[in-house]
Structures are given as structure tokens and as C-alpha cells.
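Asks: Pasting a structure below so you can have a look.
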Amino acid sequence: MTQASTVAASKDAPFDVLRVRRDFPALHQEVHGKPLVYLDSAATTLKPQVVIDAVADVYARDCANIHRAVHLLSQRATAQYEGARETARAFLNANSTHEVIFTRGTTESINLVAQSWARTFLQEGDEVLITELEHHSNIVPWQIVCDQVGAELVVVPMTDRGEITREAFEEQLSSRTRLVAMAHVSNALGTVLPVAGLIELAHEKGAVVLLDGAQAVSHVPVDVQELDCDFYAFSGHKLYGPTGIGVLYGRERLLEGMPPYQGGGDMIRSVTFAETIYNDLPYKFEAGTPNIAGAIGLGAAIEYFTSFDLHALHAHESAVLRHATESLESVDGLRLIGTAPDKVSAASFLMDAAHPHDIGTIVDSEGVAIRTGHHCAQPVMEHFEIAATARASLGLYNTTEDVDALVRALQKVQELFG
Amino acid sequence: MDLRELYQEVILDHGKNPRNHHFPEPHNREGRGYNPLCGDKITLRLQLDGAQISDIGFVGQGCAISQASCSTMTEAVKGKTVQDAEALFSKFHAMVMGEDGAADDFDSLGKLAVFAGVREFPMRVKCATLGWHTLNQALRNEGSEATTE
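Chains as they are written, first to last, in our numbering: chain Y, -14 to 403; chain C, 123 to 271.
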């Protein structure tokens, strides 16, 4: 049975997590003599064999530079690369492939908008609105550009449950807000932001909106027409795809008006020392040889992910997260951080018995991989007056048994430190 | 992998009840240490009389390894000369980094040898050395923060 027909067969079936787990080779290994329990998908996801094969096949067979040559290998590589772009377009429901730019990842996508859109169109006294729960990658690029143009960075505070409310957002939105940048889903807390309504409010004030979708694309449906966002950024490696590749979606008329982000080959139509004419979209924003294998791997990852009934997939993940929340809450001396009613994937927590870093090392000895630290969200940590949390995060291959293994490992923490 | 190698009784004890966990008065040197990876923080103050560390203490928060290491460090260097303290750091560093030959020299490290297990946990080396880097910084009286980055 070929991989393609295995994948196609899953579309109509309920989400069979045990069968799905067989697709992920990295899942089937031992760590310190114990079976790996991978609970760090918010940091990066494991990859299905089809993605690994897609990347390897690029180098094994269609190994050529794209767009440039007339030979067959280049034609095939180009077709695959542009095919991946169309796959990404369909995934986001963007209107055109002109609006889908391949980047290195979410961080580069955001920097592109900051330096190409904001740097050009923001003026002194304008405001950029972000939220308190942002990842550093959706804070620092805005700090940099606000510094450059003399604009002000305004921050919507979050509640103690880790929510961004409509009221708090409205209070910080002003007639001077030119751009709103916010997470679709919080990486540290798992909160799903009520972005549709907030985007409407922002548009009423004439502001453009960028969504950081790094944590969202694998957990909630994303439709840029429905959301009506102006920019949407996500990373391949958090969607069961390779690292070093991501997407920036941008509304065509906005991208048309933006100057290039990086200069070089491929983003030009012609170059003379007197004058250089830039290329059309999306190539205007893709300078140099891109991560060809990465893009093709991302295409394969999106195809794999969308081969499932996404309702069933989300229902499965919700059930595991519910089990995680309940189980963790019942551990003595454990406190959940991030308790918004609308959450996906992440369960951040503290224990009285031990510091997150110690928790992480101990559960690692039991084969359980979680993340500890500030999760590139130091303002979130500051809000709760803590330095770090331990964070377990789910991917589509996780089960309630994985959660139980984590809880057993946490008992070990209690034993050692308690 | 035996966790007991890392989390020995001494370390758990010093982690929960760090020694010299107060600021000495008077003091004429200060150092600040920060481990950005996990948020371990240490503020160290000491009284340097000539070449001797006559008093030392710290206030900090963070993982058991970082706090215990800083605690045992203050015990080890109090009353010693700067030169002796620097020699201890050198040996301690070699031990936790698992450098060749380091394993033979535990006697001269005394209680600090309990951190030998850290060499099996490379991700925690920075926790174990934070206090020592902070001491270095305090002795040099450098203005900025010591960091293990």
C-alpha cells in the first residue's frame, strides 16, 4: 500500500491516533531507557515519514535550482516548489499565490512586514498595538521599527487567566493605531485569541492587522478570508514540516505597495547599474535561492495534515488537553498558568516542590520531553511574577497515555524534592 | 541515567536551604548573574579585604542546581584568597564540563565535588556555573551582569 492511499483512506475515518503514531518515526525511540513521550510540539513538531521522504527526494532526485534553468530537473523542482506554494494558498484560503511568500519562518515573516510595510508607512507619533502575551518574535521587530520611525508601541494587557478581552483591546486601540500585531494562539499559555472580532475593531480604526499563526495553524482552522486579516505568518516546523521554512500571507494590494525586504537574485526582473526593476509578486519578496526542499517538505506536511478530518483531529486534541488539564490540576502543589476557557495544545504549570528546570530534567529521565523556561515570552512570565514555567504541549500524535506518563513523572519530582 | 547522580542530598539540601543567603554588611563588591535560558538569578555581595574574601553572601531564585551551586560556592570561598577562589573555579569548571583529567582531582574540591554529576547533564552546566561566573564578575567589579550565554 503506498503512502498516498494510506493517507487518503484516513479522510473519512474518525481520528485514529494509534495508526497516526506509526507515521512518525521519531516517536518510536527510547530516551534514557524509557519510551519517548513527546510533549513539546509547541517548540517543534515531529515529522511524518511522507515529509521526511519529500525532503530527501528533493536531494535524491529533483535536485536543481528553481526558476532558472531549462533542464528537466529544474523544471520538476520548480513545479514542486510552486506546487507547494499553491498548497499553502489553499490551506490558508488566500485568493492568489501572489499573496503567499515563502520565508524562513514566522519570525522572518514578521520582520518582513515590520521592515517593509511598517518602516515605509508608519510615521512619528503613530501607534503599533500588540498584546502582553506575545512571543518575542512578535514584539522585538515592532520595537525595532518603532525606534526607527518614532512610533509608539502600545500593549494590550492580558487577564490573570491569560486572555485578551475585547474590552482591554478597545481601550488600547486609538485613532493613531496604524498596525495591530497579535498571536492567533499564545505559545506560552495556549490561549486562543478572539481575533475575528478584534480584527473588525482594528479595521474600523483603519489599522492593518498581522496575525502570528505559528501556534495556530496546527490546532485551529485558519481561513484568511474569514479572518479578514491583512497579514498571516506561520512556520513549517510547527505544522509537521521542516525547519527553516515558513509562510507570510499578505493582502495583494498591500504587498504591491511594499518595497522589497531583501535584495538579490530572483526578486528582480532586470538589473543594470543605472536601474533595477523588481519582480512581480510573490517573487519580489523571495531573494536568493530559497529553502527549496523546505518548501516542498512544507507542501507535503500540509497535504498530510489536511488529509485528516480536521474536526475529528481537533476533537481528539481537545480531549487530550482536557485530560491533561484535569490530571495536572489534581497533582498536589501544582498550579496551572494560563487558564483561559478557550485554549489549545499548551499546559504551562508550576510546582511548589521544584523549579521548572529541575522538573524538566527529572521528567526527561523518565523519557518525557517538556519545555521549561520563559518560552520566549518574558512579558508573560513577568505578568505572573515568575521566571519560568514547565510546559507540556500537544500534537496530533499525543494520547491520554502520554499525559498519564507525564503525571507519573511528576510524582517522581514530588518524591525527590518533597 | 541515575538522577541521584545529579540531585544528591547535599544539592537538594543546599537548594532548599541555601547557606549565606543574605547580603553581608559591609560589602565592597557586587555581582549579578542571570541565566536567560531558565530565569535563574543571583545577586552576590562580598567584602574583599586586600586579597581575602572575608565575607560573602547572595540572594537568588532559580533551579535547585543554580542555587545549591551558589550556596556551596559561598561556603567554599569564604575566608579564601581571590587566587584560591579562582583556582577552585577552574577545577570546578573542568569537573562539570567533564574535561579529561578533571575526574582525578575531587579531593581538593571538597563538598563541591557533589556537582560532578552535572557533567552527565550538559544542559544544566550553565546552572551549576552561574554562581561562580557571578563571583568572577564581582571580583572584577565589572559593571554589567554576568550571564552564562
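By construction, the Cβ of each residue, glycine as well, lies at the ideal position given by its N, Cα and C atoms.
Taking 8 Å as the CB-CB limit, is Pro20/Y close to chain C?
Replies: Sequence index remark: in the first sequence, residue 20/Y carries index 35 (1-based). No - not a single Cβ of chain C is within 8 Å of the one on Pro20/Y.
Asks: Quick one: what's got a C-beta closer than 8 Å to Thr251/C's C-beta in the same chain, skipping five residues either side?
Replies: The sequence position of residue 251/C within the second sequence is 129, counting from 1. Here the set comprises Ser191, Phe214, His215, Val218, Thr270.
Asks: If Met243/Y and Trp127/Y are in contact, beta carbons under 8 Å, what's the gap, nearest whole angstrom?
Replies: For the purposes of this step, residue 243/Y is identified with residue 258 of the first sequence, where counting begins at 1. For the purposes of this step, residue 127/Y is identified with residue 142 of the first sequence, where counting begins at 1. Actually they do not touch by this definition, with Cβ atoms about 16 Å apart.
Asks: Can you list, in chain order, the residues of the stretch 229 to 260 of chain C whose Cβ is nearer than 8 Å to any Cβ on chain Y?
Replies: Phe243, Met245, Arg246, Cys249
Asks: Could you check if Arg70/Y is buried or exposed, using at least 16 other CB atoms within 10 Å of its CB as the buried criterion?
Replies: What you label residue 70/Y is simply residue 85 of the first sequence in a count that begins at 1. Looking at its Cβ environment, which holds 16 or more other Cβ atoms inside 10 Å, Arg70/Y is buried.
Asks: Within its chain, find whatever has a CB closer than 6 Å to the CB of Phe228/C; leave out the 5 residues flanking it on each side and keep chain order.
Replies: The residue labelled residue 228/C in the question sits at position 106 within the second sequence. For Phe228/C, where only same-chain residues beyond five positions count, the Cβ hits under 6 Å are Ala235.
Asks: Using 8 Å for Cβ pairs, my map puts His222/Y next to Thr30/Y. What's the rounded Cβ distance?
Replies: Along the first sequence, read from residue 1 onward, the residue named residue 222/Y stands at position 237. Along the first sequence, read from residue 1 onward, the residue named residue 30/Y stands at position 45. Indeed they touch by this definition, with Cβ atoms about 7 Å apart.
Asks: From the DSSP output, in three-state form, read off Gln399/Y for me.
Replies: The count along the first sequence starts at 1 and reaches residue 399/Y at position 414. Collapsing the DSSP output to three states places Gln399/Y in a helix.
Asks: Given that a residue counts as buried once 16 or more other Cβ atoms are within 10 Å of its Cβ, and exposed if not, what is Leu174/Y?
Replies: Mapped onto the first sequence, residue 174/Y falls at position 189. Per the 10 Å Cβ criterion, buried.
Asks: Strictly below 9 Å CB to CB, what residues from chain C border Phe402/Y?
Replies: Mapped onto the first sequence, residue 402/Y falls at position 417. What Phe402/Y touches in chain C: Tyr129, Leu134, Gly137, Lys138, Ala186.
Asks: Where Ala168/Y and Asn150/C are concerned, what is the direct C-alpha to C-alpha distance, given to the nearest angstrom?
Replies: Residue 168/Y sits at position 183 when you count from the first residue of the first sequence. Residue 150/C sits at position 28 when you count from the first residue of the second sequence. Computed Cα separation, rounded: 46 Å.
Asks: Once DSSP output is grouped into helix, strand and coil, what is the label at Leu31/Y?
Replies: In the first sequence, the residue the question calls residue 31/Y occupies position 46. It is coil, neither helix nor strand.
Asks: Taking DSSP as the reference, what is the three-state secondary structure of Met(-14)/Y?
Replies: Numbered from its first residue, the first sequence carries residue -14/Y at position 1. Because Met(-14)/Y carries a pLDDT of 41, less than 50, the predicted location of this residue cannot be relied on, and the following value inherits that uncertainty. DSSP places Met(-14)/Y in coil when its eight states are reduced to three.
Asks: For Asp1/Y, count neighbouring C-beta atoms within 10 Å of its own C-beta (all shown protein chains included) and say buried if the count is 16 or more, exposed if not.
Replies: Start at 1 with the first residue of the first sequence, and residue 1/Y comes out as number 16. Classification of Asp1/Y: exposed, given that the 10 Å Cβ count is below 16.
Asks: Going by DSSP in three states, Val(-8)/Y sits in which element: helix, strand or coil?
Replies: Locating residue -8/Y in the first sequence gives position 7, where the first residue counts as 1. Caution is warranted here: a pLDDT of 46 is assigned to Val(-8)/Y, below 50, making its placement in the model unreliable, and the coordinate value is therefore given only provisionally. Reduced to three states, the DSSP call for Val(-8)/Y is helix.
Asks: Measure the Cβ-Cβ separation of Val85/Y and Val232/Y and say whether it is below 8 Å.
Replies: Translated into positions along the first sequence, residue 85/Y becomes position 100. Translated into positions along the first sequence, residue 232/Y becomes position 247. Cβ distance < 8 Å, so Val85/Y and Val232/Y count as in contact.
Asks: Is Ile86/Y helix, strand or coil by DSSP?
Replies: Looking up residue 86/Y in the first sequence gives position 101. When secondary structure is reduced to three states using DSSP, Ile86/Y falls in the strand class.
Asks: In angstroms with no decimal places, state the Cα-to-Cα distance between Pro227/Y and Gly282/Y.
Replies: Stepping through the first sequence from its first residue, residue 227/Y is reached at position 242. Stepping through the first sequence from its first residue, residue 282/Y is reached at position 297. If I take the Cα positions, the gap works out to 6 Å.
Asks: List, in chain order, every chain Y residue whose beta-carbon is nearer than 9 Å to that of Cys160/C.
Replies: Here the question's residue 160/C lines up with position 38 in the second sequence. The contacting residues are His340, Pro341, His342, Gly345, Thr357, Gly358, His359, Ala372, Ala373.
Asks: So for Met217/C, helix, strand or coil by DSSP?
Replies: As a position in the second sequence, residue 217/C is number 95, starting the count at 1. Of the three classes helix, strand and coil, the one that applies to Met217/C here is helix, per DSSP.
Asks: Rounded to the nearest angstrom, how far is the Cβ of Ala338/Y from that of Val398/Y, given a contact under 8 Å?
Replies: Your numbering for residue 338/Y matches position 353 in the first sequence. Your numbering for residue 398/Y matches position 413 in the first sequence. Going by Cβ atoms, the distance from Ala338/Y to Val398/Y rounds to 6 Å, so yes, they are a contact pair.
Asks: Taking the alpha-carbon positions, what's the Leu391/Y to Glu152/Y distance?
Replies: On the first sequence, position 406 is the one that residue 391/Y refers to. On the first sequence, position 167 is the one that residue 152/Y refers to. Their backbone Cα atoms lie some 37 Å apart in a straight line.
Asks: Would you decide whether Met(-14)/Y is buried or exposed? Buried here means 16 or more other CB atoms lie within 10 Å of its CB.
Replies: The count along the first sequence starts at 1 and reaches residue -14/Y at position 1. No answer about Met(-14)/Y holds up, because its pLDDT of 41 lies below 50 and its placement is not dependable.
Asks: Do the stretch 194 to 205 of chain Y and the stretch 245 to 265 of chain Y meet, that is, are 3 or more Cβ pairs less than 8 Å apart?
Replies: no
Asks: Taking buried to mean at least 16 other C-beta atoms within 10 Å of its own C-beta, is Arg163/Y buried or exposed?
Replies: As a working mapping, residue 163/Y is identified with position 178 in the first sequence. With 16 or more other Cβ atoms inside 10 Å of its own Cβ, Arg163/Y counts as buried.
Asks: Would you report the Cα separation of Leu158/Y and Glu351/Y, rounded to the nearest angstrom?
Replies: Taking the first residue of the first sequence as position 1, residue 158/Y is located at position 173. Taking the first residue of the first sequence as position 1, residue 351/Y is located at position 366. Those two C-alpha atoms are separated by around 47 Å.
Asks: Find the residues of chain C that neighbour Met366/Y, judging by a C-beta separation of less than 9 Å, and give them in chain order.
Replies: Reading the first sequence from its first residue, position 381 is the one you call residue 366/Y. Ordered by position in chain C, the residues that pass the 9 Å Cβ test against Met366/Y are Gly161.
Asks: CA-CA distance, Leu313/Y and Val35/Y?
Replies: Translated into positions along the first sequence, residue 313/Y becomes position 328. Translated into positions along the first sequence, residue 35/Y becomes position 50. Using only the alpha carbons, I get a separation of about 34 Å.
Asks: Would you say Leu125/C reaches chain Y, if we count a Cβ-Cβ gap shorter than 8 Å as a contact?
Replies: Locating residue 125/C in the second sequence gives position 3, where the first residue counts as 1. Yes, contact with chain Y.
Asks: Less than 8 Å between the CB atoms is what I'm expecting for Ala373/Y and Gly358/Y, so what's the real figure, rounded?
Replies: Residue 373/Y sits at position 388 when you count from the first residue of the first sequence. Residue 358/Y sits at position 373 when you count from the first residue of the first sequence. Confirmed, about 5 Å.
Asks: Less than 8 Å separating the beta-carbons of Pro146/C and Gln169/C?
Replies: As a first step, residue 146/C must be located in the second sequence, where it is residue number 24. As a first step, residue 169/C must be located in the second sequence, where it is residue number 47. It is a contact, given that the beta carbons lie within the stated cut-off.
Asks: Evaluate contact between the stretch 196 to 210 of chain C and the stretch 172 to 187 of chain C, counting only Cβ atoms and requiring at least three cross-stretch pairs below 8 Å.
Replies: yes
Asks: Comparing the C-beta of Ser26/Y with each C-beta of chain C, is any distance below 8 Å?
Replies: Counted from its first residue, the first sequence places residue 26/Y at position 41. Chain C contact via Cβ: absent.
Asks: In this structure, does DSSP put Lys269/Y in helix, strand or coil?
Replies: Walking along the first sequence from the start, residue 269/Y turns up at place 284. If DSSP states are grouped into helix, strand and coil, Lys269/Y belongs with the helices.
Asks: Which chain Y residues sit within Cβ distance under 9 Å of Gln183/C?
Replies: Within the second sequence, residue 183/C is the residue found at index 61, counting from 1. Within chain Y, the residues near Gln183/C are His340, Ala372.
Asks: What residue range is occupied by the uninterrupted alpha helix (DSSP H) comprising Phe76/Y?
Replies: Stepping through the first sequence from its first residue, residue 76/Y is reached at position 91. 57 to 77 is the span of the alpha helix (DSSP H), which, as asked, contains Phe76/Y.
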